[in-house]
Every structure is written in structure tokens, then in C-alpha cells.
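With this note's numbering, letter number 440 in the sequence shown gets 611, and the count goes up by one each step, no holes.
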Amino acid sequence: MPPRPYPHPNGMPSFWRSSPGKLDTYRSPEGIPQTTDIAIIGAGFSGGSLVSHILASEQGRSKSVLVLEARELCSGATGRNGGHMKPDVYNMTAFLASKFGIAAATEVAEFEFANAKAVETFAKESGADCEYFVTRAIDVQLSEPHNASIKAGYDSLLAAGVDVTRNAFYMHGKDAEMFSGVKGAKGAFSYTAGHVWPYKMIHHMFSHAVANGINLQTNTPVQSISATQDSQGYWVINTQRGTVRAKQVIMATNAYTAALLPEYHDKIIPYRAICSRIVSPNSPPLLPNTYTIRFNEWDFDYLIPRKDGSIVVGGARRAYLQRLEDWYGNVDDSRLIESAKHYFDGYMQRHFRGWESSGARTDQVWTGIMGYSSDRLPRIGRVPGRENMFIMGGFTGHGMPQIFLSAKGISQMVLNGCGFEETGLPTVFEETSERLSNTENFVMDLYNSIPSTAKL
């Protein structure tokens, strides 16, 4: 079995974490208790959403809740991502329809659309200073065959009467290039989306949580969890700073899950990726929308404009995906992916009309570790074979439009003992023993789809 994927102790800085909040290295004064009702491992978007939903329930407010974070607050994937809040209403939806049927695919698309709206409402009503903006996403295809394939899936959803897909509209050829401003566009889709300063949103969640009695312990790596519950029904959690016994445990560890639950070593796979911030010396051309730029079936970039005029761009797969060891199972976010560190230089000038003389330059580049699920789907619910242990992870780089309401469902299961089917979560998200025993590995399939001439 490969080495267990514990977080690297010294992740490199990202733009989102450039001004850490007062809770960044916070430890609640009460320290690590001997026992707790609920232990949440991980203080990113999943952990923040969980404590928000638990505190929203009268039953939850009566529970003792401990959050254990290996590093600083929101120092994992959420604090290193592209800032998107982008529900998929047509692309993954078409794939899910082909595999699970229209009803299951529609359930996921509607869930993501509702999740984005729920996060927008939360940010507004809770007064979170996190720069949440509602905008349009533009997904651009630069390959005609790939564009035709995606368009066929989109058309099939419309023909099947999937209402949420109607939120996306399609443009072709020169219309796509004119509308998107992306050079060489063969086709483009546009639909409602958003973007956010993720670190600020999660810090806001935990500020409220700590003020209302949640015990937060940062820089407290969990080293192991007992294989079984003790005689009193507690899980024994061993950290670098002591041991705690928990009646219920929620794994919000995403890419790092297999470090503590070895059955996930080939089910949630660490995937190291790279992201950047681009700035312009003068007033840049107007760029009001978020983007995905698809070069082919396996290669794409993504970007958001920020209110300060800068642009956050991630992707660069073509620069590193051919070297498996650079990303697959790699949890080292303390340094850049060497082959991709200059990928974003001149990016806006290469791809966007009107940016040729903008002087746009790369200001910062960083890495982050995503948790890719071997079957593409999030793993939500009870951990098979481990009573009173729950998981939400394996978001495959697409957690932002899935996590908030997934956490609501998990909190209902934890607090009320309800079944997964009672939570309103998409059926295909449920973790099961069948999924854990499935040998599918779409991540390796992705690697194997790259032309052999491109591999090193």
C-alpha cells in the first residue's frame, strides 16, 4: 500500500490566504477535551458548512462539537482553489444521464443549482464579507470535435425536458468568439454562476461557530483513528497534541481521507493542481464573466475576474498531466509543479481578444491538493462498516457547488439519525459498500486517455 497521504506541514501561500484572519491559527482555550459528542476532522468548506448547519439546529446547539484541523484554517483545497461557484447544468449532467438515467442526472444538476443559491443566500443573510458575486459563466470549446460532443449531450438533455439545463444557452463559431472574447472559440455555453473569496467565507463561518461554542483546534494533525469503537461506543482519535474520544466522527478530509481510513487509498485520490493570479499595470479590458476554456477532452483551464481587476486562473493540465508523479497521489503543496510554473505567463494575451497590449502578468502561482473520487462522484453519508462515522469528500475539483447542502444533509444524519434518502441529497452521492468495492479508477483512465506521444 502506498504511503498514507497526510497533509504537508508547510503548504505554500495562495492569493486567497494572503491576509490570514484572526482564527487562522486559533485554538479554543478549552483545548482538546477528553470526550466530545461530535468530532469534525477538517476545517475547510466542508468543516465550515457542517458547523454552520449544526448550529442552525436546536438539537445541534446542545451538542459538544470539536473541529480538528491539521494546519491553518482553510489551508487545504478550499483556500487554494479558483474561486468559482459554478453549478454544472449540462456537461457532467449529460454524462450522468448516460450512466444513471435522466432522473438521477437531473437530481444532481438541480442540487448544484440550489446549492449555489443557498451559498449566495447564506453569504448575504449572515453578512459574510467574502466578495460573493453572481455572474454568468462562459464555457468555451477550442476543439470542434469536443464541442460537437458536448453540444450533443446538451441537446439530449433539452430533448428529455431537463428544465435546469435551459439555464444554459449555446453559441457556435464566430458568435461564440464574439460573445466570449476567446480567440478561436468553436462553441460556447453561458449560464448563471458566481465567484467568491473562499477563505473569507470559511473564516466567517468559523467566527460564528467559535462565538457560539464550537471548539476549534488548528495545527492539530490527527495521526490515527481507532479501527473500532471502544466499549462505550466512542471512536478514539489520536492527534499530535493528545487523544479525544468522540461519539460521532465526520470526515471532512477530502484528499487526505486515506491517511486515516485506509480503505479510501484508491477511492479518494490526492490530485495536485496549480493556480495563479494575473494582474495588469493599467485598467484591463472589461471581463465581467467567469470562464472555462476547454482545449480537448482532458485539458481545460478556468478563471474568474476579481473586483480589483486581477484574474485568478487555474488549470495548466497540458503542462504537467503527462508526468503521473507530478500530480497523482501527490500531496506536496509546499512547492510548485515545476513544468507548469510558467504556464500562466502571457495567458490573457494568448487567449483573449483585446488583451494583447494589456501588459497582464503573472503575480502569484501556487499549488493545492484536490480529492478525486475514483468513480467521479462525491462520497457522502455513513462510512460503510464504521458505525457513527460519516464522510463528505471526493469532490473531484467540483466541491464548491456541492458542499454546502451536502453538509446540511450530513448534519441531519448525525443529529437526527435519519437515512440518506431522507436528506434530499442526490442518490448517486451516497457512499456504499458497493462503491468502496468497485475497482473503477477514472483518474487513471484520464491519464491513459492522453496521447502516448505526450507522456513522459
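Where is the CB? At the ideal position from N, CA and C, for every residue including glycine. Quick caveat: nothing in here was measured; it's all calculated off a predicted structure.
If you compare alpha carbons, which of the options is closest to residue i?
i	options	result
isoleucine 211	Thr610, Asp504, Val599, Asn559	Asn559
glycine 595	Asn286, Arg448, Lys257, Lys322	Asn286
tryptophan 526	Gly500, Leu457, Gln573	Leu457
phenylalanine 471	Pro459, Ala490, Pro455	Ala490
glutamate 278	Glu601, Glu605, Phe523	Glu601
histidine 179	Leu495, Ser246, Thr567	Ser246
asparagine 460	His255, Phe186, Asn181	His255
serine 451	Ile385, Thr391, Tyr518, Leu329	Tyr518
alanine 417	Pro200, Ser190, Gly192, Pro204	Pro204
phenylalanine 515	Ile273, Ser604, His375, Ile449	Ile449
isoleucine 574	Ala331, Phe271, Phe523, Lys288	Lys288
isoleucine 385	Asp208, Pro433, Ser189, Asp504	Asp208
serine 257	Pro572, Glu611, Tyr618, Leu607	For clarity, residue 257 is lysine in the given sequence; the question names serine instead. Ranking Pro572, Glu611, Tyr618, Leu607 by Cα distance to lysine 257 puts Pro572 first.
serine 674	Tyr499, His513, Gly485, Gln520	Only positions 172 to 627 of the chain appear in the structure, and residue 674 is not among them; the question remains open.
arginine 606	Asn467, Ile551, Leu221	Ile551
isoleucine 321	Ile475, Gly404, Phe466	Phe466
alanine 331	Met376, Ala276, Tyr177, Ala319	Ala276
glycine 568	Asp259, Met541, Asn501	Met541
tyrosine 618	Gln520, Arg488, Arg524, Cys589	Arg488
methionine 376	Ala299, Ala444, Gly355, Gly365	Ala299
valine 222	Thr598, Gly580, Cys589, Thr610	Gly580
glutamate 243	Asn612, Val290, Leu194	Leu194
glutamate 281	Pro597, Val614, Phe566	Pro597
Just verifying my parser: in three-state terms, what is the DSSP assignment at residue i?
i	result
glutamine 394	strand
phenylalanine 304	strand
alanine 511	helix
proline 178	coil
leucine 432	coil
glycine 324	helix
isoleucine 209	strand
serine 447	strand
leucine 474	strand
methionine 183	coil
phenylalanine 340	strand
leucine 128	Only positions 172 to 627 of the chain appear in this structure, which leaves residue 128 out of reach.
proline 441	strand
methionine 571	coil
glycine 530	coil
aspartate 401	coil
glutamate 240	coil
May I have the straight-line CA-CA distance separating residue i from residue j, to the nearest angstrom?
i	j	result
threonine 428	glutamate 283	23 Å
histidine 379	methionine 372	11 Å
methionine 263	serine 577	18 Å
isoleucine 508	tyrosine 435	25 Å
glutamine 388	glycine 250	18 Å
isoleucine 439	serine 397	20 Å
tyrosine 261	valine 236	38 Å
glutamine 411	isoleucine 273	47 Å
tyrosine 325	tyrosine 341	9 Å
serine 327	alanine 268	9 Å
histidine 374	glutamate 315	43 Å
histidine 317	isoleucine 464	12 Å
aspartate 259	aspartate 401	43 Å
histidine 224	threonine 414	26 Å
threonine 206	valine 483	42 Å
Can you say whether residue i is buried or exposed, counting buried as having 16 or more other CB atoms within 10 angstroms of its CB?
i	result
proline 622	exposed
methionine 349	exposed
asparagine 252	buried
proline 549	buried
lysine 295	exposed
phenylalanine 266	exposed
valine 305	exposed
glutamine 419	buried
proline 200	exposed
glutamine 403	exposed
glutamate 229	exposed
alanine 227	exposed
asparagine 164	Residue coverage of the chain in this structure runs from 172 to 627, which leaves residue 164 outside it and unanswerable.
serine 190	exposed
Check whether the Cβ atoms of residue i and residue j lie closer than 8 Å to each other.
i	j	result
tryptophan 406	serine 620	no
aspartate 534	serine 454	no
valine 367	glutamate 302	yes
tryptophan 537	proline 173	no
alanine 248	valine 393	no
lysine 357	glutamine 312	yes
threonine 363	asparagine 383	no
isoleucine 309	tyrosine 473	no
alanine 423	glycine 213	yes
glycine 231	leucine 586	yes
alanine 359	proline 176	no
glycine 570	phenylalanine 293	no
aspartate 497	glycine 539	no
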